[in-house]
Structures are given as C-alpha cells and as structure tokens.
Amino acid sequence: MHSKFQKEILQFYRQVIKWANLKPEPARLTIKQYAQNEYRKNQNIPKKKFDRIEFLFRQGKNKYEIWKDAKIDKIQMH
Amino acid sequence: MLQRLSTVIRRPMFWHGTHHHDSNDATKRLFDTVSSTVKGIQQINYVVEHDPKLTAEEKSKMKQFLIYRYDPADENDFPKYVSYYVDLKKIPPMYLDALLYIKDNYDSSLSLRRSCREGICGSCSMNCNGLHKLACIHAIDTDLTQPAYITPLGHMFVVKDLVVDMTNFYTQYKTIDPYLKRKTPKEGNKEYIQSVEDRKLLDGLYECVLCACCSTSCPSYWWHPDRYLGPAVLMQAYRWIVDSRDEYTDERLEKLAEDVKVEDCQNIGMCSFTCPKGLDPQKSMNHLMKLIEEYKERKIASATL
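Going line by line, the protein sequences match chains A and B.
Each residue of the first sequence is one higher than the one before, counting from 6 in this note's numbering.
Each residue of the second sequence is one higher than the one before, counting from 582 in this note's numbering.
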C-alpha cells in the first residue's frame, strides 16, 4: 500500500501527463519524456530520505506551476 | 571652535520609528526563551570547522561565525553549521560584510541574497544570532568570546544555504491588491489631493520593504502559513485601507473580513520586536482588526435597516 505522500507524488505525475497530452505534437512527446526521465532518475531514493523526496517534489511542482500556462515548443535535455 | 564641534557630533538621523520600542516584559521573556531554544538547538547540531589548522591563539583574536549550510540539490548533503573565523578589524561592522568577506576569501560556495547593502531592498533578511534582521544594517556583536549564529529565515523551505523560498509570501501579498484603486477620476490632470494629516497616517507603514522578517518570526504564521496572511502583508493591507486617496476601502475590508485571515493574530508581538526597520506591525494589525469589527457592525446595521 502506498502512503499518502507516495499517492500525492503519483497523482502529480498523472496530472503532468494529462496536461502534456493536451499539447500539440513536438511538445507533447518531449514533455512526457522529460517527466518520465525525472521520475525514473529518482525512483530508487529510500523512503527514509523524505527531505530529499520533498525537495524534488517541490521542485517539480514549481516547474509545473511556471510552465503550465506557457506556450512550449519542446523540452530538450542536453 | 569647540561650539562647532559639538554641533557636528549630532545624534544620528533615524528613519521614522527606528528607535527600539519599549517592549514590555512579556515580549522580552518570550524573546529570551525563543532565542535560547534556537541557540540551544544550534549548539547541539553538527558543526564543521572550515579551517581546522587555525591555532587557538589566532582564534582568540577573531570572531567565530557559525553559518547554516545545506544544499538540498546534492543528495549526499545534510544541514550543518560551518564555523568560520573572521578578524573583525578587517571588515565593516555589519553581518552582510562578514558574509561577503567569508564568501570572497574562505568559501565561495556560500549562497545568500543581497542587493542594496543599505536596508532598503529587503533581500538580505536572515536570522542573525536568533533574531530575524536585515544583514546589511545589523551590526555584529564585537564580543569575541561568543560565536555568531547565522541561519536562514525560520520555518521556510531552504533553496540553498541562506536562501529561502519566498513564493508563498509574495502570492499572499498579491491577494490584498497592493495598489491604489479609484472610482472617481482625478480633479484636473495633476495628482490625487491629500491633506497633511492624512499623509501622516501613512508614516510607519510605507517604509516597509517586504523583507518577511516579521512574518517569519510570528509563531502563528509558522503554524498556519497557508491561511494566515502574516504581519507584513496585513500591515500593507492596513496601509491601503488607511490611505485617503484609495476609494475601495469597504471592498478591501470585506475581503479581509470574510476568511480567518486576520484572526490568527494572537498579539504575540514578535513582529514588532524583530522588524529591522523599526516599524510596528502589531499596532497596525490591532487597528486593522478594530476597523474590521466596525465594518462588520456597519454591515449588520445596514442589513437590518
């Protein structure tokens, strides 16, 4: 069973994917890849390090707040 | 000649209200307990010496600074105090000067916000020795036997070292509409007329630089940062209500009266105690609550008519 905090993080992931699905083509794919990459990179952080998890979650939320109303062409990772 | 000297050595010019308030005993006792718990916690936490090769003799001539360091983006880092020794004769007297000296000469990875170096921009607000102050106008205590603790603003998320996340504070400030709103246009094409007495009502309110020192030292704001607006924002709300040029007073009072926004103020008094510009948010908030009570009575009276 997931804890409440884990559920929040997964709900946020779904929110980002839903938002990305409404975007036109090059943006949609790159945003999904970006979100998936970020989640996969940090999927193995132990549950105990909730400081780090909270920090990454807040960072993700801040990015979402800033980008959700913007017109995005695509997100590229170098 | 002697007469001219005595006129030159004048008392320094203060901004309106920078004399220290005659805080009553309750506030002083509260501050002592709060700062001693803060210092107590600071003392038992992890301290790292930045330069372990200093001799005791060298250390005795320098002031020890214990600065909170934490980089949340680095997964192996944890919050700690790093101790730096600074010779006070080499630096100007303020905390910001010590921090910039440390950043220039010892450890350039120290992160802090600063801009005007004269207490007018509100960037460098941080916890200096237990009190929330602006580092650029708060003088270092020259007692070399005691260390100086510098930590970021209390109960806020840390972005790095002494830099904190202020987005909640700014969004709350935006909700009170901090600008002049008029229903009738100006007479002529010059300016909104205001009498001298009405302008005096704004003294002690307009000098606020939104440094967030007061809000982050209010225990009520620590426990309810989402719903309580905090002393800084409420003092600015009062500033716009009391401004005679603004014509939306009733609407502003209505907006403040509807939620629990103002009622969380328990008259603790830490806001006025810690204001680095010497302002008095506690007094303004008491006035504001009185105005809201009067407005509510007027509303009930006019509804029953």
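The beta carbon of each residue, even a glycine, is placed where N, CA and C say it ideally should be.
Check residue i in the structure and name its three-state DSSP category.
i, result
"B/His716", "Correcting the residue type first, residue 716 of chain B is Ala in the shown sequence and not His. B/Ala716 falls in the coil class under three-state DSSP."
"A/Ala75", "coil"
"B/Met675", "strand"
"B/Ile731", "strand"
"B/Asn867", "helix"
"A/Ile22", "helix"
"B/Ser798", "coil"
"B/Asn848", "coil"
"B/Ser853", "helix"
"A/Phe62", "helix"
"B/Phe646", "strand"
"B/Asp603", "Residue placement at B/Asp603 cannot be trusted, given a pLDDT of 49 that sits under 50; what the coordinates show is reported in the next sentence. The answer is coil: DSSP assigns B/Asp603 none of H, G, I, E or B."
"B/Asn710", "coil"
"B/Tyr754", "helix"
"B/Ser664", "strand"
"B/Glu839", "helix"
"B/Val823", "helix"
"B/Glu878", "helix"
"B/Glu828", "coil"
"B/Lys741", "strand"
"B/Val777", "helix"
"A/Lys53", "coil"
"B/Glu630", "strand"
"A/Ile36", "helix"
"A/Lys114", "Look at the range of chain A in this structure, 6 to 83, and you will see that residue 114 of chain A is not part of it."
"B/Asn657", "coil"
Within the same chain, show all residues whose beta-carbon is closer than 6 Å to that of residue i, passing over the 5 residues directly before and after it, in chain order.
i, result
"B/Arg833", "Ile822"
"A/Ala40", "Val21"
"A/Ile36", "Ala25, Ile80"
"B/Asp926", "Because chain B is modelled from 582 through 886, residue 926 of chain B falls outside the range shown and cannot be assessed."
"B/Leu652", "Leu is not the amino acid found at residue 652 of chain B; the sequence shown has Asp there. Asp658, Lys741."
"B/Pro728", "Gln645, Leu647"
"B/Pro660", "Tyr651"
"B/Val744", "Ser692, Arg694"
"B/Arg889", "Look at the range of chain B in this structure, 582 to 886, and you will see that residue 889 of chain B is not part of it."
"B/Leu782", "Val823"
Could you say which of the options lies nearest to residue i if we only look at CA atoms?
i, options, result
"B/Leu647", "B/Ala637, B/Lys640, B/Val629, B/Ser776", "B/Val629"
"B/Ile873", "B/Glu839, B/Asp678, B/Lys661", "B/Glu839"
"B/Asp827", "B/Ser690, B/Val663, B/Asp779", "B/Asp779"
"B/Thr830", "B/Lys684, B/Glu875, B/Leu743", "B/Glu875"
"B/Val739", "B/Leu761, B/Leu693, B/Thr723", "B/Leu693"
"B/Leu691", "B/Gly703, B/Ser664, B/Met675, B/Lys767", "B/Ser664"
"A/Tyr18", "A/Ile77, A/Met82, A/Leu61, A/Asp78", "A/Leu61"
"A/Lys28", "A/Asp74, A/Met82, A/Glu43", "A/Asp74"
"B/Ser796", "B/Arg763, B/Leu782, B/Asp861", "B/Asp861"
"B/Thr726", "B/Ser641, B/Glu878, B/Leu886", "B/Ser641"
"B/Asp724", "B/Arg610, B/Lys670, B/Lys609", "B/Lys670"
"B/Asp722", "B/Glu878, B/His631, B/Ala679", "B/Ala679"
"A/Met82", "A/Gln11, A/Gln38, A/Leu15, A/Lys54", "A/Gln38"
"B/Arg610", "B/Ile757, B/Phe854, B/Pro812", "B/Phe854"
Going by the beta-carbon positions, is the gap between residue i and residue j smaller than 7 Å?
i, j, result
"B/Tyr809", "B/Tyr802", "yes"
"B/Cys846", "B/Met816", "no"
"B/Asn710", "B/Tyr730", "yes"
"B/Gly700", "B/Leu715", "yes"
"B/Ser704", "B/Arg695", "yes"
"A/Phe32", "A/Ile77", "Residue identity differs from the one stated: residue 32 of chain A is Ala in this sequence, not Phe. In this structure, A/Ile77 lies closer than 7 Å to A/Ala32 by Cβ."
"B/Met675", "B/Ala637", "no"
"B/Pro806", "B/Asn749", "yes"
"B/Val814", "B/Tyr754", "yes"
"B/Tyr627", "B/Thr732", "no"
"B/Ile672", "B/Tyr682", "yes"
Would you please state the rounded distance, in angstroms, between the beta carbons of residue i and residue j? I believe it to be under 8 Å.
i, j, result
"B/Leu734", "B/Ala793", "6 Å"
"B/Lys858", "B/Val790", "7 Å"
"B/Ser798", "B/Met851", "5 Å"
"A/Glu43", "A/Gly65", "7 Å"
Quick one: what's got a C-beta closer than 7 Å to residue i's C-beta in the same chain, skipping five residues either side?
i, result
"A/Ser8", "none"
"B/Asp746", "Met737, Phe738, Val740"
"A/Ile50", "Arg57, Ile58"
"B/Leu677", "Arg695, Arg698, Cys705, Ala716, Cys717"
"B/His868", "Tyr819"
"B/Leu635", "Tyr666"
"B/Pro759", "Gln817, Trp821"
Short of 8 Å in beta carbon distance, which residues of its chain neighbour residue i, apart from the five on each side in sequence? Order them along the chain.
i, result
"B/Leu761", "Tyr773, Trp821, Asp824, Arg826, Asp827"
"B/Ile718", "Met675, Glu699, Gly700, Pro857"
"B/Lys887", "Since the displayed chain B opens at 582 and closes at 886, residue 887 of chain B lies outside it and no answer follows."
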